[in-house]
Amino acid sequence: MTVSTRTAATKTAADLAQREGATVELLNVVKDYAGHRALTGVNLSMAPGEFISLLGPSGCGKTTVLRALSGLETITEGRILIDGSDVAQVPVNKRDIGMVFQAYSLFPHLTVQQNVEFGLRMRKVDAASRRTRAQDALDMVGLGHLGERYAHQLSGGQQQRVALARALVTRPRVLLLDEPLSALDAKVRVQLRDEIRRIQTDLGITTLFVTHDQEEALAVSDRVAVMREGNIEQVGTPEDLYTQPATSFVATFVGLSNPVAAELAGETVTAFGMSLPLLGTGPRDGAVTAYIRPEDITLSSAESATGIPATVVVSSFLGSLRRTQVRLDDGTLLFVQHDVRVRPLTGDRVMLELAGRPVAVSVRE
Amino acid sequence: MTRSNATAELIDPAAVATTTPTPGPLRLSRARFAAEPTKATRRIILTVVGVVFIVPILAMVEFSLRVGQPVNNVQAYGFTHYLAIFDPANNQAYSNLFQGIGNSLGICAITVAIVLVLLLPTMIFVELKFPKLRRVLEFICIIPVTIPSIVLVVGFVPVYSIVAQIFGSYPWTMAFAVGIIVLPYAYRPIAANLAAVEVVVLSEAGRSLGAGWGSVLMRVILPNLRRGILASCFITIAVVLGEYTIASFLSQNTFQTALLLVQHTDPYVAVIFAVLALVFAFVLLLLIGRLGSLRPGGTRLTRRSA
Chain A
3 MTVSTRTAAT KTAADLAQRE GATVELLNVV KDYAGHRALT GVNLSMAPGE FISLLGPSGC
63 GKTTVLRALS GLETITEGRI LIDGSDVAQV PVNKRDIGMV FQAYSLFPHL TVQQNVEFGL
123 RMRKVDAASR RTRAQDALDM VGLGHLGERY AHQLSGGQQQ RVALARALVT RPRVLLLDEP
183 LSALDAKVRV QLRDEIRRIQ TDLGITTLFV THDQEEALAV SDRVAVMREG NIEQVGTPED
243 LYTQPATSFV ATFVGLSNPV AAELAGETVT AFGMSLPLLG TGPRDGAVTA YIRPEDITLS
303 SAESATGIPA TVVVSSFLGS LRRTQVRLDD GTLLFVQHDV RVRPLTGDRV MLELAGRPVA
363 VSVRE
Chain B
135 MTRSNATAEL IDPAAVATTT PTPGPLRLSR ARFAAEPTKA TRRIILTVVG VVFIVPILAM
195 VEFSLRVGQP VNNVQAYGFT HYLAIFDPAN NQAYSNLFQG IGNSLGICAI TVAIVLVLLL
255 PTMIFVELKF PKLRRVLEFI CIIPVTIPSI VLVVGFVPVY SIVAQIFGSY PWTMAFAVGI
315 IVLPYAYRPI AANLAAVEVV VLSEAGRSLG AGWGSVLMRV ILPNLRRGIL ASCFITIAVV
375 LGEYTIASFL SQNTFQTALL LVQHTDPYVA VIFAVLALVF AFVLLLLIGR LGSLRPGGTR
435 LTRRSA
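Going down the list, the protein sequences come from chains A and B.
Those letters in the first sequence? Residues 3 to 367, by my numbering.
Those letters in the second sequence? Residues 135 to 440, by my numbering.
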């Protein structure tokens with residue numbers, strides 16, 4: 003006789019998946035604060051079940067986009083469509099959106115179970131269903147055994163897991179994550195990041211994730227929207243952003259790039275006397291700044307006959323690779339990424355070679 | 135290097151040790167500055183403060199227990215004066231005092247209501263919607279503590295001539311004036327609680343989970359301000375029960391004014407009620423302290439866990 007035992011570990015997000023992800027469209031969204039335009043006409047489309055990260059430096063407007071979508075901020079102009087209907091004037095509590103905040107936002111006076119049940123209570127779900135669904139949501143984030151605890155009895159990572167369960171238990175149409183990992187330590191951060199992605203994939207919920215950590219954004223997203231000064235500079239897959247940056251800002255912001263003086267002629271970029279293919283489209287021929295990735299430069303010993311001579315400034319061990327900063331004879335500083343087994347010392351003379359991969363360029367200022 | 139060696143040779147090391155602070159003790163004294171006092175220091179402070187408080191109270195209790203005059207320098211003690219309060223024969227004598235207590239309790243209730251209905255919602259509203267006005271509100275609430283009561287009362291008198299025309303000259307109308315006097319005391323505990331709880335984040339979380347403003351207020355904000363609100367109410371009650379100046383100038387019969395009157399005829403009863411008022415205030419303060427140290431789930435908030 004086989005006894006079916008359903009443990010917390012066997013429960014999956016499928017227990018909560020009762021609806022399809024929604025389409026989300028932001029059309030020319032403008033947000034003005036007193037004397038300051040925070041969003042300058044943001045356009046963004048999200049497919050059902052898509053995970054998009056908003057990435058950008060502090061103050062670029064990424065949180066404002068998220069808050070506008072949630073309804074916590076009213077927009078000055080534009081339209082916000084969820085599944086085709088304009089929700090720009092719909093109050094936050096009627097938008098059916100789940101949200102996880104940067105700050106720990108669990109209600110301190112309620113237990114974990116009561117926190118997760120809160121959204122269901124607001125929707126007048128009966129007590130028995132509330133308990134079951136809250137327990138399922140807690141099991142989904144691996145905290146089914148901590149239902150009776152209070153927020154102050156949990157670690158930061160656990161609190162954010164509960165916040166995630168609380169946001170998802172109502173089966174919202176869209177999930178918004180406002181830098182939910184920024185207060186956590188590095189290890190928990192990676193664990194929770196992967197867990198968020200797993201749950202999101204299982205549920206198929208359309209998700210907008212705000213972060214200033216590009217590694218985080220590139221690791222978990224279907225697409226990444228890079229923001230700058232209130233607008234989106236480029237939306238694309240992590241690979242596209244890295245290999246085909248649309249602007250110099252994206253090239254320098256996503257990953258590490260070495261901006262170097264170069265000449266553009268047609269489809270050819272000449273830097274350090276070497277001809278490199280142009281990535282995408284470039285400006286008019288003439289003086290440009292080329293953005294060369296550290297991994298597109300190889301480093302060899304000074305005895306090498308060819309290459310660009312340079313002096314090692316500093317070399318850092320980064321686990322699976324080593325990053326070395328070198329100074330060219332004209333004073334230009336470059337980052338080079340190479341095998342960890344090569345260990346240059348400060349002051350060593352080395353030779354650099356360009357791998358010849360395509361480079362992005364912008365007009366030299 | 136040479137100079138320092140030479141100096142070391144010229145100066146007697148013992149003299150240096152006695153006149154010049156060495157780096158070690160200096161660091162220690164800096165570390166102790168603003169540090170938590172030692173157990174011994176705490177005990178000394180507690181003992182001194184305790185004696186300062188307890189001696190007058192014990193003296194009052196001792197006085198209230200006296201029976202008659204000393205005979206051969208021996209004082210008799212008993213509960214005669216306590217029992218006399220409940221003697222029906224003295225109803226007339228103490229009716230003014232009991233009426234004053236009743237009036238004060240009524241003023242307490244209305245003043246607490248003013249705090250809960252006016253001050254508390256204003257503070258929450260400012261915190262949520264106009265955080266830049268927080269300082270202005272704080273300034274307004276603290277003004278009464280900077281102005282002597284007598285000055286405030288001089289200002290209240292002409293105002294109360296109008297209040298009396300509208301509401302009549304009832305003791306409860308004093309609650310309007312007392313409501314202003316208690317502002318600084320009522321404001322502070324709620325403000326401290328608001329600062330400790332991330333009200334904006336919690337209310338946004340509540341709203342994003344489908345709660346309207348009413349539900350956010352009742353189910354999220356107020357439960358988390360419970361300690362501040364209760365402390366504020368208890369302090370308000372303590373201040374109202376101790377309020378004398380306004381009642382006296384507005385010619386109202388309250389606990390304090392009645393106490394003064396009864397003191398002329400029966401100082402023992404006056405002292406008994408004064409002791410009881412002190413005990414009541416002390417219990418309120420204990421409750422505030424107890425509430426302040428409690429966390430959800432019944433655990434105590436220790437200095438370390440805070």
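All C-beta atoms in this analysis are idealised placements derived from N, C-alpha and C, irrespective of residue type, glycine included.
With C-beta atoms as the reference, is residue i less than 8 Å away from residue j?
{"i": "F377/A", "j": "R230/A", "result": "Absent from the model: residue 377/A. The displayed extent of chain A is 3 to 367, so no value can be given."}
{"i": "L280/A", "j": "V363/A", "result": "yes"}
{"i": "V32/A", "j": "I84/A", "result": "no"}
{"i": "I355/B", "j": "Y216/B", "result": "no"}
{"i": "T334/A", "j": "L301/A", "result": "no"}
{"i": "G236/B", "j": "T391/B", "result": "no"}
{"i": "T388/B", "j": "A227/B", "result": "no"}
{"i": "A248/A", "j": "E265/A", "result": "no"}
{"i": "T208/A", "j": "G51/A", "result": "yes"}
{"i": "L183/A", "j": "L194/A", "result": "yes"}
Does residue i come out as helix, strand or coil in the three-state DSSP assignment?
{"i": "E52/A", "result": "coil"}
{"i": "Y211/B", "result": "strand"}
{"i": "N387/B", "result": "coil"}
{"i": "I77/A", "result": "coil"}
{"i": "E269/A", "result": "coil"}
{"i": "R200/B", "result": "strand"}
{"i": "P261/A", "result": "strand"}
{"i": "Q299/B", "result": "helix"}
{"i": "T313/A", "result": "strand"}
{"i": "T348/A", "result": "coil"}
{"i": "L356/A", "result": "strand"}
{"i": "R1/A", "result": "Within the shown structure, residues of chain A are numbered from 3 to 367, placing residue 1/A beyond reach of any answer."}
{"i": "S277/A", "result": "strand"}
{"i": "N206/B", "result": "coil"}
{"i": "S337/B", "result": "helix"}
{"i": "Y304/B", "result": "coil"}
{"i": "T156/B", "result": "Its pLDDT being 46, under 50, T156/B is placed unreliably in this model, and the value from its coordinates should be taken loosely. Looking at T156/B - three-state DSSP - the assignment turns out to be coil, as it is neither helix nor strand."}
{"i": "Y321/B", "result": "helix"}
{"i": "V260/B", "result": "helix"}
{"i": "Y293/A", "result": "strand"}
{"i": "A105/A", "result": "coil"}
{"i": "S184/A", "result": "coil"}
{"i": "A345/B", "result": "coil"}
{"i": "I299/A", "result": "strand"}
Taking its Cβ as the centre, do 16 or more other Cβ atoms sit within 10 Å of residue i, making it buried, or is it exposed?
{"i": "L384/B", "result": "buried"}
{"i": "P157/B", "result": "A caution first: P157/B carries a pLDDT of 47, below 50, which makes its placement in the model too unreliable to give a value."}
{"i": "P292/B", "result": "exposed"}
{"i": "S277/A", "result": "exposed"}
{"i": "V316/A", "result": "exposed"}
{"i": "L359/B", "result": "buried"}
{"i": "K173/B", "result": "exposed"}
{"i": "M48/A", "result": "buried"}
{"i": "R191/A", "result": "buried"}
{"i": "I310/A", "result": "buried"}
{"i": "P159/B", "result": "Note on P159/B: pLDDT 49, under 50, position unreliable in the model; the coordinate value appears next. It is exposed - the Cβ of P159/B has fewer than 16 other Cβ atoms within 10 Å."}
{"i": "R69/A", "result": "buried"}
{"i": "A450/B", "result": "With chain B running from 135 to 440 in the structure shown, residue 450/B is simply not present."}
{"i": "T141/B", "result": "Low confidence applies to T141/B: its pLDDT is 37, below 50, so where it sits in the model is not reliable, and the reading given next is rough at best. By the neighbour-count rule (16 or more Cβ atoms within 10 Å), T141/B is not buried but exposed."}
{"i": "R324/A", "result": "buried"}
{"i": "R351/A", "result": "exposed"}
{"i": "S157/A", "result": "exposed"}
{"i": "I277/B", "result": "exposed"}
Check the DSSP bridge columns for residue i and list the partner residues they point to.
{"i": "Y152/A", "result": "T113/A"}
{"i": "D34/A", "result": "R39/A"}
{"i": "E27/A", "result": "S47/A and L83/A"}
{"i": "V92/A", "result": "Paired residues: none, contrary to the question."}
{"i": "A227/A", "result": "L56/A and V237/A"}
{"i": "G288/A", "result": "L266/A"}
{"i": "R329/A", "result": "T313/A and L335/A"}
Could you run through the segment 188-204 of chain A and flag, in chain order, every residue whose CB is less than 8 Å away from some CB of chain B?
-> none
Near-chain A residues of the segment 328-340 of chain B - C-beta to any C-beta below 8 Å | V331, E332, V335, L336, E338, A339 and G340
With 9 Å as the limit, tell me which residues of the segment 339-357 of chain B have their beta carbon closer than that to any beta carbon of chain A; keep them in chain order.
-> A339, G340, R341, S342, L343, G344, A345, G346, W347, S349, V350, R353, V354 and P357
May I ask you to list, following chain order, the residues of the segment 118-129 of chain A that have a beta carbon less than 7 Å from some beta carbon of chain B?
-> F120, G121, M124 and R125
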